[in-house]
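Chemist: My questions all concern the structure below.
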């Protein structure tokens with residue numbers, strides 16, 4: 308039950324302030340909106356030089372303890388990077404790599420953490436394979452199987468929406484093992500045996516792959532700590548929601564900029580169209596939705612991982628940011644009139660991003676349902 | 101004077117005990133939720149006596165100067181009292197305009213005579229204050245106020261009318277924005293600000309019946325009403341600046357209020373409680389999935405307002421549009437209240453059709469009434485539509501409508 312009388316505070320530290328400032332300039336410099344279509348059309352999944360720079364800034368190890376080469380901060384600090392990247396529709400393996408590090412921290416064996424976390428901090432890309440063709444948001448619904456055969460595990464089945472898999476140095480997959488869920492680590496060698504097919508996805512800034520695992524075997528030592536699987540899946544789910552919420556809030560800011568610019572410069576019937584209340588008022592509503600979602604986002608960042616309070620906060624942030632970006636980008640298309648119907652208008656890029664952020668890890672209605680059970 | 105944590109804790113205990121013991125019993129009739137809703141004499145006298153009791157116990161105007169009836173104590177103590185009053189949901193302090201904006205204004209820029217004359221009665225609720233800002237033809241455009249104050253020697257002669265004068269029938273004084281000069285270069289220059297007596301010849305207060313069926317608001321007519329020039333606060337012709345200072349107190353943007361809470365807000369927790377009692381198919385309404393979904397949305401919205409206010413204090417998280425949150429809080433809060441009250445009605449099933457006065461009305465019909473009264477905030481102080489324009493233009497930089 309929620310204590311509605313409790314005074315809520317948002318903690319926002321100096322590191323977060325600095326990171327937000329740096330990441331905002333970085334995103335603007337490296338991912339200018341006028342190059343968005345060039346980035347989509349590029350043959351490479353992402354810009355390697357920019358990635359290396361992100362690694363050298365230490366961003367891949369922000370939420371990794373110092374003993375593994377990270378800076379020992381948390382996901383609250385990662386949010387301050389994900390949000391501005393989202394605002395400029397950056398396509399990078401930043402989020403997937405961060406989530407893989409989180410999975411390792413939560414359930415990796417000592418040896419796995421020792422081997423992989425320092426590599427991740429230096430720029431090795433991680434990909435997470437936890438979604439399946441059935442599309443169920445329940446991460447425990449697993450058709451992909453691992454069967455024990457001596458010291459090896461034989462894998463079968465298909466994972467979907469494995470972002471950045473082609474460039475990944477490691478992939479962590481969820482499987483059903485002996486009737487229960489388990490997490491398995493795939494290195495380059497194992498990945499070489501799997502089939503990777505590029506998926507056609509609505510958000511063209513993403514690089515998403517289908518991972519077919521039939522015939523792939525891995526050493527048993529690649530299994531993460533099974534006792535921690537459930538906790539790790541919950542942790543990954545919440546972390547993914549938090550970072551998707553950050554991207555969605557960033558995207559909402561970005562698309563409000565796009566539509567406001569058009570409303571200020573486009574004239575019809577000798578008047579700037581932004582002077583018409585039919586366009587002005589819903590644009591203000593989009594701003595109000597953004598402000599609310601963003602307040603929830605930074606509150607959720609501050610209480611992340613703190614039991615039920617953390618879970619409630621992150622689900623609220625995910626639900627509200629999904630809705631905010633959906634509304635803002637949908638109206639942005641409409642308010643551009645005929646231009647909004649073209650591929651050249653930036654509004655569609657944000658609308659596509661919005662659908663992705665909304666439907667990965669549960670849409671708003673799904674989270675509200677979970678919240679009802681937590682609160683009432 | 102700074103107080104230790106222990107002293108503050110002890111004080112809180114004392115205050116808690118006092119309110120628990122002295123909190124008024126249910127009067128047997130429905131109490132208003134704010135000063136704008138005081139509709140009957142029995143409501144008014146009940147609330148006035150309650151404010152006086154709190155003041156006499158030393159819990160109101162604690163940080164106001166002693167020489168004018170305050171207690172000259174640290175603000176921190178008053179804040180403890182105010183929070184405790186909200187926590188215990190005791191009735192609000194009914195002389196709201198006096199305590200929260202006329203009083204601070206007088207203390208801030210009034211003359212010594214004005215402070216001595218007006219402050220003690222504000223605190224004791226002996227002298228009720230009302231506000232003369234809006235006019236029938238200038239609802240959303242305060243700067244265009246047309247009520248005339250024509251100088252005649254050392255007097256001003258008032259002609260015109262003001263509307264939405266809450267507490268007007270009970271008020272002894274009014275803060276008044278009037279036009280002392282016609283045909284100025286811009287509309288703001290001709291305005292002056294007065295503290296005027298209400299019970300003089302030429303002032304007539306006519307009650308307006310609200311959509312709730314109750315009274316509370318009034319229209320105040322001025323016909324050759326004469327006031328002394330000593331009623332001026334601030335200089336003649338500088339009324340707009342005084343009005344803006346007053347609004348800053350009213351909106352809580354500037355401190356200095358006497359303390360005590362000004363309204364009883366409806367909270368989502370009450371709607372949740374209602375959903376547990378209301379029935380759907382013989383089961384508590386709160387088990388219905390669509391109702392649960394709506395309730396969660398209200399819980400999130402109520403939290404949004406608290407979190408917006410927390411975030412607005414963090415500069416680094418308000419870089420792009422620094423005034424976005426403060427400028428939108430009235431719009432967001434009032435619209436939330438309106439929709440939440442409306443939803444509370446829908447939970448009552450067929451009984452939502454009862455109204456105040458019927459003994460089958462849920463909680464004496466208070467949700468029906470508070471839904472209607474919620475429009476006072478979505479319309480008053482600049483309608484939600486005007487707020488959208490202001491935010492669109494000043495925060496987003498959109499062209500004027």
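Chains as they are written, first to last, in my numbering: chain S, 308 to 683; chain P, 101 to 501. Positions of the beta carbon are idealized from the N, C-alpha and C atoms, including for glycine. Remember, it's a predicted structure, so these values are computed and weren't measured experimentally.
(1) In whole angstroms, give me the CA-to-CA distance for residue 251 (chain P) and residue 324 (chain P).
(2) Output needed for residue 452 (chain S): all residues of its chain with C-beta closer than 8 Å, excluding positions within five of it in sequence on either side, in chain order.
(3) Which word fits residue 404 (chain S), buried or exposed, when buried means at least 16 other C-beta atoms lie within 10 angstroms of its C-beta?
(4) Comparing alpha-carbon positions, which option in S:640, S:649, S:601, S:606 lies nearest residue 732 (chain S)?
(5) What residues are listed by DSSP as bridge partners for residue 229 (chain P)?
(6) Using 8 Å as the Cβ pair cut-off and three pairs as the minimum, do the stretch 385–395 of chain P and the stretch 455–463 of chain P touch?
(7) Taking any Cβ of chain P, which residues in the stretch 567–580 of chain S have a Cβ under 7 Å from it, in chain order?
(8) Can you pull the chain S residues whose beta carbon is under 7 Å from the beta carbon of residue 406 (chain P), in chain order?
(9) Please confirm if the stretch 351–368 of chain P is in contact with the stretch 247–264 of chain P, defined as three or more CB-CB distances below 8 Å between the two stretches.
(10) Just verifying my parser: in three-state terms, what is the DSSP assignment at residue 171 (chain P)?
(11) If you check the beta carbons only, do residue 164 (chain P) and residue 198 (chain P) fall under 8 Å apart?
(12) Hey, quick one: how far does the beta strand (DSSP E) through residue 470 (chain S) stretch, first residue to last?
(13) Nearest chain P C-beta to residue 452 (chain S) closer than 8 Å, yes or no?
(14) With a Cβ-Cβ cutoff of 8 Å, do residue 383 (chain S) and residue 609 (chain S) count as a contact?
(15) How many angstroms separate the CA atom of residue 556 (chain S) from the CA atom of residue 281 (chain P)?
(16) List the residues that DSSP assigns as beta-bridge partners of residue 260 (chain P).
(17) Taking CB distances under 8 Å as the criterion, tell me whether residue 552 (chain S) reaches chain P.
(18) Whose C-beta lies closer than 6 Å to the C-beta of residue 435 (chain S) among residues of the same chain, with five residues either side of it excluded?
(19) For the stretch 140–160 of chain P against the stretch 192–206 of chain P, do three or more pairs of beta-carbon atoms, one drawn from each stretch, fall closer than 8 Å, so that the two count as touching?
(20) Helix or strand or just coil, what does DSSP make of residue 247 (chain P)?
(21) Looking at C-alpha atoms only, which residue of S:333, S:506, S:375 is the closest neighbour of residue 419 (chain S)?
(22) May I have the straight-line CA-CA distance separating residue 128 (chain P) from residue 179 (chain P), to the nearest angstrom?
(23) With 9 Å as the C-beta to C-beta threshold (strictly closer), list the residues of the stretch 408–432 of chain P near chain S in chain order.
(24) Name the one or two DSSP bridge partners that residue 579 (chain S) has.
(25) Taking all protein chains shown into account, do 16 or more other C-beta atoms lie within 10 angstroms of the C-beta of residue 356 (chain S), making it buried, or fewer, making it exposed?
(26) Assuming residue 405 (chain S) is part of the alpha helix (DSSP H), what are its boundary residues?
(27) Taking Cβ positions only, does residue 395 (chain P) come closer than 8 Å to chain S?
(28) Have a look at the DSSP bridge pairing and note the partners of residue 293 (chain P).
(29) Specify, as a first and last residue, the run of the beta strand (DSSP E) that residue 494 (chain S) falls within.
(30) Out of P:348, P:331, P:435, which one is the CA nearest neighbour of residue 214 (chain P)?
(31) To which residues does DSSP link residue 363 (chain P) through a beta bridge?
(32) Express the C-alpha separation of residue 597 (chain S) and residue 579 (chain S) in angstroms, rounding to a whole number.
(33) Going by DSSP in three states, residue 145 (chain P) sits in which element: helix, strand or coil?
(34) Compare the C-beta of residue 324 (chain S) against all C-beta atoms of chain P and say whether one is closer than 8 Å.
(35) Can you find the residues in the same chain that come closer than 8 Å, C-beta to C-beta, to residue 171 (chain P), ignoring five residues on each side of it along the sequence?
(36) Residue 400 (chain P) versus chain S: which residues are under 9 Å apart at the beta carbon?
Modeler: Short version:
(1) 12 Å
(2) 462, 463, 464, 482, 483, 484
(3) A buried status is given to residue 404 (chain S), since no fewer than 16 other beta-carbon atoms sit within 10 Å of its beta-carbon.
(4) The structure shown does not extend to residue 732 (chain S), since chain S is modelled only from 308 through 683, so no value can be given for it.
(5) Its beta-bridge partners are P:273.
(6) no
(7) Considering only beta carbons, the part of the stretch 567–580 of chain S lying closer than 7 Å to chain P consists of 567, 570, 571, 579, in chain order.
(8) Correct list: 315.
(9) no
(10) Three-state DSSP puts residue 171 (chain P) in coil, outside helix and strand.
(11) Not a contact, by the Cβ cut-off of 8 Å.
(12) Per DSSP, residue 470 (chain S) is one residue of the beta strand (DSSP E) stretching across 465–470.
(13) no
(14) yes
(15) 50 Å
(16) P:322
(17) no
(18) 403, 406, 407, 479
(19) yes
(20) Coil at residue 247 (chain P), not helix or strand.
(21) S:375
(22) 30 Å
(23) 408, 409, 410, 411, 412, 413, 414, 415, 416, 417, 419, 420, 421, 424, 425, 428, 431, 432
(24) S:574
(25) Here residue 356 (chain S) is exposed, its C-beta having fewer than 16 other C-beta atoms within 10 Å.
(26) 401–414
(27) yes
(28) P:277
(29) Segment 487–494, the beta strand (DSSP E) holding residue 494 (chain S).
(30) Ranked by Cα distance from residue 214 (chain P), the first of P:348, P:331, P:435 is P:331.
(31) For residue 363 (chain P), which the question treats as bridged, DSSP gives the partners P:134.
(32) 24 Å
(33) helix
(34) Chain P, which has a Cβ nearer than 8 Å to the Cβ of residue 324 (chain S), makes this yes.
(35) 158, 161, 162, 163, 164
(36) 599, 603, 623, 626, 627, 675, 678
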